[in-house]
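A short write-up of the structure that comes next.
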Amino acid sequence: MAKKGKYTFIDLSLSIENSAMEGWPPKITRWDHREGARTHGKGIGINPDEFPDGMCQAWEEITLITHAGTHVDAPWHFFPTSEGKPSKTIDVCPLEWFYGPGVVLDLTHRKAGELITDEDIKKALEKINYRISPGDIVLIMTGADKFAYDVNYTNSHPGIGREATLYLVDQGVKLIGTDGYGYDKPFKVMGEEYKKGIKNALWPGHYAGREREYCHIESMANLDKIPVPFGFTVCAFPILIDKASAGWCRAVAIIEEE
Ligand SMILES: [Zn+2]
Numbered sequence: 005m006a007k008k009g010k011y012t013f014i015d016l017s018l019s020i021e022n023s024a025m026e027g028w029p030p031k032i033t034r035w036d037h038r039e040g041a042r043t044h045g046k047g048i049g050i051n052p053d054e055f056p057d058g059m060c061q062a063w064e065e066i067t068l069i070t071h072a073g074t075h076v077d078a079p080w081h082f083f084p085t086s087e088g089k090p091s092k093t094i095d096v097c098p099l100e101w102f103y104g105p106g107v108v109l110d111l112t113h114r115k116a117g118e119l120i121t122d123e124d125i126k127k128a129l130e131k132i133n134y135r136i137s138p139g140d141i142v143l144i145m146t147g148a149d150k151f152a153y154d155v156n157y158t159n160s161h162p163g164i165g166r167e168a169t170l171y172l173v174d175q176g177v178k179l180i181g182t183d184g185y186g187y188d189k190p191f192k193v194m195g196e197e198y199k200k201g202i203k204n205a206l207w208p209g210h211y212a213g214r215e216r217e218y219c220h221i222e223s224m225a226n227l228d229k230i231p232v233p234f235g236f237t238v239c240a241f242p243i244l245i246d247k248a249s250a251g252w253c254r255a256v257a258i259i260e261e262e
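All the letters of the sequence shown, read from the start, carry residue numbers 5 to 262 under the numbering used here.
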């Protein structure tokens, strides 16, 4: 949490790191300042010792999927089409979708592997006495971010269902966030349910994006640190990646003092 004048900033992001317990963890290779002096020195024909204290710039090289860490999924991720038109990739999603009034819905009573329904969303809204407005950014708090460094992180969240998703998107919501690893139930759970004969068990939340155009943020954190359920601003601009299905984002809640 940081403060500047009348604004308080709450970081809602997980960091990109080698120790991330993700399905496809990132790989960060680091060049320290001495390595920087060696590499830069070699490039311009100068001995590394000639740099101040033998040091020059540090940098990193990262290999990661677009769905690593806290990131925004674009409609293209869900299906080639959305609402009958070609789906938007992350680079063409309008910036205004990623900045707006935030509302946190407490769904922490839904356990890992369970489904969050439209009824759950309605009840959570009633509890805080809030009515959705178009452009609102709805953050679903499951508490699963507390397991971000647990080996079982990818299995620790409930899934957001098709009906819950459509209920919000039909009211003009373009961005829904979750602090679970994924927007839908854990992969393992969906696979088991499908094999048991539940035909719509596979990624029902993601597939809702075929019917209505929207984005979601996965792997958020610290939704419990936002001191109010609404009356704050969310900023979660995705990194501009050409024709990509997702973009990493630094999701932040901004609270303005009255
Ligand atoms: Zn994703």
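Where a beta carbon is used, it is the ideal one built from N, C-alpha and C, also for glycine. Fair warning: this is a prediction, and the values are worked out from it, not measured in the lab.
Worksheet item: Hey, residue 250 and residue 94: beta-carbon distance below 8 Å or not?
Response: Here residue 250 corresponds to residue number 246 of the sequence shown, with the count starting at 1. Here residue 94 corresponds to residue number 90 of the sequence shown, with the count starting at 1. In this structure, residue 250 sits near residue 94, with a CB-CB distance shorter than 8 Å.
Worksheet item: Where DSSP assigns a beta bridge to residue 106, which residues make up the other side?
Response: In the sequence shown, counting from the first residue as 1, residue 106 sits at position 102. 141, 236.
Item to complete: Return yes when the Cβ of residue 188 is within less than 8 Å of the Cβ of residue 207, no when it is not.
Response: In the sequence shown, the residue the question calls residue 207 occupies position 203. In the sequence shown, the residue the question calls residue 188 occupies position 184. Yes, Cβ-Cβ distance for residue 207 and residue 188 is below 8 Å.
Worksheet item: DSSP on residue 32, reduced to helix/strand/coil?
Response: To locate residue 32, count along the sequence shown from 1; it is residue 28. In the structure shown, residue 32 sits in a strand (DSSP, three-state: E or B).
Discussion item. At a cut-off of 7 Å, would you count residue 77 as near ligand 1, judging by its Cβ distance to the nearest heavy atom?
Written reply: Walking along the sequence shown from the start, residue 77 turns up at place 73. Residue 77 Cβ: within cutoff of ligand 1.
Item to complete: My understanding is that residue 181 touches residue 144, with C-beta atoms under 8 Å, so please give their C-beta distance in whole angstroms.
Response: Locating residue 181 in the sequence shown gives position 177, where the first residue counts as 1. Locating residue 144 in the sequence shown gives position 140, where the first residue counts as 1. At roughly 7 Å, the Cβ-Cβ gap stays under 8 Å, so residue 181 and residue 144 are in contact.
Worksheet entry | With 16 other Cβ atoms within 10 Å as the buried cut-off, status of residue 178 | Here residue 178 refers to the residue found at position 174 when the sequence shown is read from its first residue. With 16 or more other Cβ atoms within 10 Å, it is buried.
Item to complete: Report, in whole angstroms, the separation of the C-beta atoms of residue 83 and residue 214, which I expect to be a contact under 8 Å.
Response: As a working mapping, residue 83 is identified with position 79 in the sequence shown. As a working mapping, residue 214 is identified with position 210 in the sequence shown. The Cβ separation is near 4 Å, so the contact holds.
Worksheet item: Since residue 16 contacts residue 204 with CB under 8 Å, what's their CB separation in whole angstroms?
Response: For this step, residue 16 is matched to residue 12 along the sequence shown. For this step, residue 204 is matched to residue 200 along the sequence shown. Incorrect: roughly 30 Å between the Cβ atoms, too far for contact.
Worksheet item: Do residue 91 and residue 101 have their C-beta atoms within less than 8 Å of each other?
Response: Here residue 91 corresponds to residue number 87 of the sequence shown, with the count starting at 1. Here residue 101 corresponds to residue number 97 of the sequence shown, with the count starting at 1. Cβ distance not < 8 Å, so residue 91 and residue 101 don't count as in contact.
Discussion item. Taking 7 Å as the cut-off, is the C-beta of residue 161 nearer than that to any heavy atom in ligand 1?
Written reply: Position 157 of the sequence shown, counting from 1, holds the residue named residue 161. The nearest non-hydrogen atom of ligand 1 is 7 Å or more from the C-beta of residue 161.
Item to complete: Could you pull out every unbroken alpha helix (DSSP H) segment of at least 4 residues lying fully inside the segment 161 to 246, listed in chain order?
Response: Along the length of the segment 161 to 246, whole alpha helix (DSSP H) runs at least 4 residues long occupy 166 to 173, 191 to 199, 208 to 215, reported in chain order.
Item to complete: Determine, using beta carbons only, whether residue 212 and residue 238 come nearer to each other than 8 Å.
Response: Locating residue 212 in the sequence shown gives position 208, where the first residue counts as 1. Locating residue 238 in the sequence shown gives position 234, where the first residue counts as 1. In this structure, residue 212 keeps its C-beta atom at 8 Å or more from the C-beta atom of residue 238.
Fill in: Beta-carbon separation (whole angstroms), residue 146 vs residue 112, contact threshold 8 Å
The residue you call residue 146 lines up with position 142 of the sequence shown. The residue you call residue 112 lines up with position 108 of the sequence shown. The pair is a contact, with the Cβ atoms about 6 Å apart (cut-off 8 Å).
Worksheet item: So, is the C-beta of residue 197 closer than 8 Å to a C-beta in chain B?
Response: The structure shown contains no chain B; it holds only a single protein chain.
Practice prompt. Taking the CB atoms as reference points, tell me whether residue 263 and residue 67 lie closer together than 8 Å.
Written response: Outside the modelled stretch of the chain, which goes from 5 to 262, sits residue 263, for which no answer is possible.
Discussion item. I need the DSSP call for residue 18, collapsed to helix, strand or coil.
Written reply: The residue labelled residue 18 in the question sits at position 14 within the sequence shown. Of the three classes helix, strand and coil, the one that applies to residue 18 here is coil, per DSSP.
Worksheet item: Nearest to residue 253 by CA position, among 20, 174, 7, 140, is which residue?
Response: Taking the sequence shown and counting its residues from 1, the one referred to as residue 253 is at position 249. Its Cα nearest to that of residue 253, the residue 20 stands out among 20, 174, 7, 140.
Discussion item. Nearer than 7 Å: is that true of the beta carbon of residue 148 relative to any heavy atom of ligand 1?
Written reply: The count along the sequence shown starts at 1 and reaches residue 148 at position 144. Flag unset: Cβ of residue 148 not near ligand 1.
Fill in: Where residue 155 falls: helix, strand or coil (DSSP)
For the purposes of this step, residue 155 is identified with residue 151 of the sequence shown, where counting begins at 1. Here residue 155 sits in coil by DSSP.
Worksheet item: Since residue 58 is in the alpha helix (DSSP H), which residue starts that stretch and which ends it?
Response: As a first step, residue 58 must be located in the sequence shown, where it is residue number 54. In the DSSP annotation of this structure, residue 58 is not part of any alpha helix (DSSP H), being labelled neither H nor E.
Discussion item. Using the Cβ count rule (16 or more neighbours within 10 Å means buried), how would you classify residue 98?
Written reply: Locating residue 98 in the sequence shown gives position 94, counting from the first residue. Flag for residue 98 reads exposed.
Discussion item. Measuring straight from C-alpha to C-alpha, what distance separates residue 186 and residue 244?
Written reply: Within the sequence shown, the letter at position 182 stands for residue 186. Within the sequence shown, the letter at position 240 stands for residue 244. Within the model, the alpha-carbon separation for residue 186 versus residue 244 is close to 21 Å.
Worksheet item: What residues are listed by DSSP as bridge partners for residue 252?
Response: Here the question's residue 252 lines up with position 248 in the sequence shown. According to DSSP, residue 252 bridges with 75.
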